[in-house]
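S.K.: Next up is a structure, given as structure tokens.
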Ligand code: SAM
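Spelled out as structure tokens, the structure:
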């Protein structure tokens, strides 16, 4: 079958994957949602023709957006995931024995329904009794909470449509307010190759609000440029001061105690993006 899915990653760059079968397509009230069975990456979920997750490489993203944060907090009990309708972040959050409640706030219930049907290996943990699924705008949900969550994970789409506000300073202030006094949050913050200005601005905004602001990296083949940024804002705990030798074995395939440390070592071009004015740079340049 000569059928291809193509994502326009930037106005001048496309990625194409050969498709074995189109498994699902629909227009939801928020976006165009599709699932393809691809030769290279297995089943792949897309929103508005942008790859969200694939069975082959999802573990990198979901392990890194969760475990770095949850292992930085000494005892995370209440955890919020914003977006993340595929369920992959929730699956990883539940690997932490201290977690009593994991709340998923997803704006588009169809993403959850379709992930349950076509991506069971990613979404299965949504049925765990510790999970509460809320269909709502994450910005609104966070605005209604004060001093409530130990960890907030912003597992969002790119900064377009309903996700734009999830990359704004006002939202980061609401996140700060929604966290407990030693709480912390992490967000996926795009490609250092193609979203350089966005990453600099986000780092500045988070640094204005949180005493600790750090960027870390992972390699995700299906995201533009492959190299991907995550940004953490923390009230008290520093992800680079975690005693990694004491971390529990979480049965992961990308994250490990060594990767926890290594992910904060930034190449000079990324250090440059997140450098404090007049300072040494944040995010682990050594
Ligand atoms: N791993 C993905 C990536 O970086 O491409 C993100 C995956 S997850 C499917 C993103 C989810 O965020 C989508 O299902 C989308 O509906 C949801 N979303 C976007 N804006 C949102 C908002 N304001 N509140 C809650 N969920 C939102």
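In the numbering used here, the protein residues as written are 51 to 336.
A virtual CB, placed ideally from N, CA and C, is assigned to each residue, including glycine.
All of these numbers come straight from a predicted model, not from anything done at the bench.
1) Less than 7 Å separating the Cβ of residue 366 from some heavy atom of ligand 1?
2) Could you tell me if residue 310 is buried or exposed, where buried requires 16 or more neighbouring beta carbons within 10 angstroms of its beta carbon?
3) Applying the 10 Å Cβ sphere with the 16-neighbour rule, what's the burial state of residue 66?
4) Check residue 221 in the structure and name its three-state DSSP category.
5) Roughly how many whole angstroms lie between the Cα atoms of residue 235 and residue 52?
6) Kindly indicate which three-state DSSP category residue 166 falls into: helix, strand or coil?
7) For residue 60, does the count of other Cβ atoms within 10 angstroms reach 16, so buried, or fall short, so exposed?
8) Counting Cβ pairs closer than 8 Å, one from the region 107-116 and one from the region 72-83, do we hit at least three?
9) Can you check DSSP and say which residues form a bridge with residue 312?
10) What are the start and end residues of each continuous alpha helix (DSSP H) run of 4 or more residues lying completely inside the region 147-205, in chain order?
11) Taking just the CA atoms, how far does residue 69 sit from residue 227?
12) Would DSSP call residue 68 helix, strand or coil?
13) What three-state label does DSSP hand residue 324 in the structure shown?
14) If you compare alpha carbons, which of 225, 186 and 209 is closest to residue 197?
15) Can you have a look at residue 264 and say buried or exposed, based on whether 16 or more other CB atoms are within 10 angstroms of its CB?
16) Quick one: measure Cβ to Cβ for residue 280 and residue 115, integer angstroms, because I've assumed they're closer than 8 Å.
17) Taking its Cβ as the centre, do 16 or more other Cβ atoms sit within 10 Å of residue 89, making it buried, or is it exposed?
18) Output the distance between the C-alpha atoms of residue 332 and residue 316, rounded to the nearest integer angstrom.
19) Does the pairing of the region 153-171 with the region 124-142 give three or more beta-carbon distances under 8 Å?
20) For ligand 1, any of its heavy atoms closer than 7 Å to the Cβ of residue 103?
M.R.: Let's see:
1) This structure does not reach residue 366, given that the chain is present from 51 up to 336, and the question cannot be answered.
2) buried
3) exposed
4) helix
5) 43 Å
6) helix
7) By the neighbour-count rule (16 or more Cβ atoms within 10 Å), residue 60 is not buried but exposed.
8) no
9) Partner(s): none; residue 312 has no beta bridge.
10) 159-168, 170-173 and 188-193
11) Each residue's Cα considered, the two are about 44 Å apart.
12) strand
13) Coil, per DSSP.
14) 225
15) buried
16) With a Cβ gap of about 6 Å, residue 280 and residue 115 count as contacting.
17) exposed
18) Below a pLDDT of 50, predicted positions are generally treated as unreliable, and residue 332, at 45, falls in that range; the measurement from the model is reported next regardless. Near 9 Å, if we compare the C-alpha coordinates of residue 316 and residue 332.
19) yes
20) yes
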